[in-house]
Amino acid sequence: MEAGLFQVIVGANDELVPKVARLAEQAETSFDQVADTMIFCADTYQAEDEAGKHRIDNLW
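So that you can map any letter, position 56 of the sequence shown is 825 in our numbering, and since no number is skipped, the others follow by simple counting.
Printed below as a string of structure tokens:
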């Protein structure tokens, strides 16, 4: 592609777009891992809370 005066901008854009797309894909994977960990922790907390509830119910 011939861009004349705008070649510097076009060239930078041509390099930037694939890099940003690659970083976005990596971020998606990282966010999925964080979400999975948070869901696991919440489920574990809930299960432990429910398992210990019977000990607390008649304490007072």
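For each residue, glycine too, the CB sits at the ideal point set by N, CA and C. Please read these numbers as outputs of a predicted model, since none were measured by experiment.
With residue i as the anchor, note down where its alpha helix (DSSP H) starts and where it stops.
| i | result |
| --- | --- |
| Leu-785 | 776-826 |
The ligand ATP and residue i: does the residue's C-beta get closer than 6 Å to at least one heavy atom of that ligand?
| i | result |
| --- | --- |
| Glu-817 | In terms of ligand content, the structure shown is empty, and the ligand ATP therefore cannot be addressed. |
Alpha carbon to alpha carbon, how far is residue i from residue j?
| i | j | result |
| --- | --- | --- |
| Gln-795 | Lys-788 | 11 Å |
| Asp-826 | Ala-816 | 16 Å |
| Thr-798 | Thr-806 | 12 Å |
| Arg-791 | Phe-800 | 14 Å |
| Ala-811 | Ala-793 | 26 Å |
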